[in-house]
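Heads up: the structure comes next, in structure tokens.
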Amino acid sequence: MKKLQKPTGTRDILPEEQKYWQFLDKIVEKRAIAFGFEKIDTPFFEYKSVFTRGIGETTDIVEKEMYEVKRSNQDTSEKLNVNSEEIKEASVLRPENTAGIVRSYLENGMITRPQPVKLYYIGPMFRYDRPQKGRLRQFTQAGIEILGDDSPMTDAVSILLLWQIFSDLGLKDEVIMEINSIGCRNCRNKYKKKLVEYYKPYQSMLCPDCARRYLANPLRLLDCKEENCKKIAAGAPQIIDNLCDDCKAHFMKVLEYLDGLDLTYDLNPRLVRGLDYYSRTTLEIRDKNDTSRQSSLGGGGRYDNLVEQMGGKPTPAIGWAIGYERIIEKIKERDIQIAEPAGAELFIIQIGEKARKKALPLVAELNQKGYNTSCVLGKESLKSQLRAAGKMRAKFALIIGQREALDETIIVRNMDEAAQETIAMNKLEKFLEKKFGRK
Ligand code: AMP
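For any residue, its number in the numbering used here is found by taking its place in the sequence shown, counting from 1, and adding 54.
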């Protein structure tokens, strides 16, 4: 029989790896909550138009990378039923979360809440691409969105939050944070024309992707990673010199706020980002020592037109997302030490049938009292149960042997000191209260 395997480009996160995920979750949540963000979860799949309208038809994500969700037993007669939901509109696995959150913001009337609405999320995204190191088909992102505020201060706050997260991760000296402004629709459209003009004589020298972008999405010509295209892009007019007065003033203010903060950033006039919805400030954080396409650890920017584009009132917004798997790779590569998750406080060990009967109620009772208590309830030897207690890094092993089961006593073994004493069962509670300083 064929061996069952996980789908290409996906990963199992095994128990021993969970500490990295928990470490990131904790830092993201702590920092986001401190800045007044609230958590949001949206479905892992959405109707396709959320992304075609939101992200743009000519982006790589929408053109090539979305997974359509279909019911496996949808038969042809049902397919002919034009009222069937799946026929009316296909659903796709979410390739990113901003469009889904804007959909939710609109659908749930969040516009009536005090603005800005500040949201954060953590969850899986799905993109179909050729898998390679740092590029998965299912990957995890954490991100923030601030909807309903266009002040440059908001840009600075979101950038600061991103920086603080990398600082907490122990990676701030390993990354570069890049900032740019791609202006509003007006100045960007004028700039695009200039860009197309500049690229005209180079058209035949562009890579196949850029040849396509030249017509469909000329801004993307600037961030191609092909050597030849990079050389051509180096001489291109810069958007920063082509911003309208409002966009320029906005960007200058953002930089002014950033300069007053304890963080480092580089200006990258070629940072345009892949999705159509961006406007004004764009940002990316990447590995300093990596020049590959997979060096990006996080990115985002303003998307002042997206809410309107998706059917709402004009509502300025900004957000970013970071990729867990790539960050965790860096943490491992740099050998950053992560605290092991807290171990058990107590571990109950039993020997003999009578003791076994007492053990499970005791585990239940101690957990109920708030002690993190564990056990193995097989017929294992004292030695192997002690080993299990050690593996769980229990502070105390509570041992019930044949004699203790009859005497109504229990042996308390301090696992660090390997010292033990026998106490009466009815004194256990007081004993633990004293040891753990709890009441
Ligand atoms: P994006 O939504 O493309 O701006 O990506 C934001 C972050 O998500 C990137 O900087 C990566 O860290 C991560 N990311 C994006 N695509 C993938 C992928 N296919 N596999 C793993 N991580 C990804």
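Ideal placement from N, C-alpha and C gives every residue a C-beta, glycine not left out. No experiment lies behind these values; they were computed from the predicted model shown.
heavy atom of the ligand AMP below 7 Å from residue i C-beta
i	result
Ile376	yes
Arg181	yes
Leu173	no
Glu150	yes
Gln186	no
Gly328	yes
Ser346	no
Gln195	yes
Ser350	yes
Glu379	yes
Leu269	no
Gly108	no
Arg388	no
Gly355	no
Leu436	no
Leu225	no
Arg167	no
Arg33	This structure gives no information on residue 33, because the portion of the chain shown stretches from 55 to 493.
Leu325	no
Leu190	yes
Residue i burial status per 10 Å Cβ neighbour count (16 or more: buried)
i	result
Arg85	buried
Ser212	buried
Glu199	buried
Thr345	exposed
Ala472	exposed
Thr113	buried
Glu161	exposed
Lys316	At residue 316 the sequence reads Asp, which differs from the Lys that was named. Looking at its Cβ environment, which holds fewer than 16 other Cβ atoms inside 10 Å, Asp316 is exposed.
Gly365	exposed
Lys172	buried
Gly163	exposed
Leu68	exposed
Ser145	buried
Leu414	exposed
Glu71	exposed
Asn271	buried
Ile29	Residue 29 lies beyond the residue range present for the chain, which begins at 55 and ends at 493; the question has no answer from this structure.
Ala418	exposed
Identified DSSP bridge partners for residue i
i	result
Met179	Phe193
Glu320	The residue asked about is misnamed: residue 320 is Asp in this sequence, not Glu. Answer is Glu232, bridged to Asp320.
Phe89	Paired residue(s): none; Phe89 is not in a bridge.
Lys172	Ile200
Asp341	Val229
Gln186	Arg189
Cys429	Ile402
Val361	For Val361, which the question treats as bridged, DSSP gives no partner whatsoever.
Leu147	Phe99
Gln474	Arg467
Ser333	Arg356
Ser350	Arg340
Nearest residue (CA-CA) to residue i, options the options
i	options	result
Asp95	Phe89, Asn271, Ser158 and Leu275	Ser158
Arg334	Tyr268, Met55, Thr208 and Ile464	Thr208
Gln391	Ile382, Glu399 and Ser258	Ile382
Asp295	Gly237, Gly373 and Val146	Gly237
Tyr331	Cys298, Gly202, Pro370 and Ser350	Pro370
Ser235	Arg167, Lys93 and Pro206	Pro206
Lys93	Tyr74, Asp79 and Ala442	Asp79
Arg181	Phe99, Gln456, Ile165 and Lys246	Phe99
Arg184	Val156, Gln348 and Lys247	Gln348
Asn151	Val104, Pro61 and Asn127	Val104
Ala290	Val156, His304, Glu280 and Leu273	Leu273
Can you confirm whether the stretch 264-274 touches the stretch 349-361 when touching is taken to mean that 3 or more C-beta pairs between the two stretches lie within less than 8 Å? no
Would the stretch 452-463 count as touching the stretch 397-416 if we require 3 or more Cβ pairs under 8 Å? Verdict: yes, contact present.
Using 8 Å as the Cβ pair cut-off and three pairs as the minimum, do the stretch 427-442 and the stretch 479-486 touch? no
Between the stretch 184-201 and the stretch 247-256, do three or more beta carbon pairs fall short of 8 Å? no
Touch check for the stretch 224-233 and the stretch 310-329: three-plus C-beta pairs under 8 Å? yes
Pairs of beta-carbons, one from the stretch 293-310 and one from the stretch 118-126, closer than 8 Å: are there three or more? no
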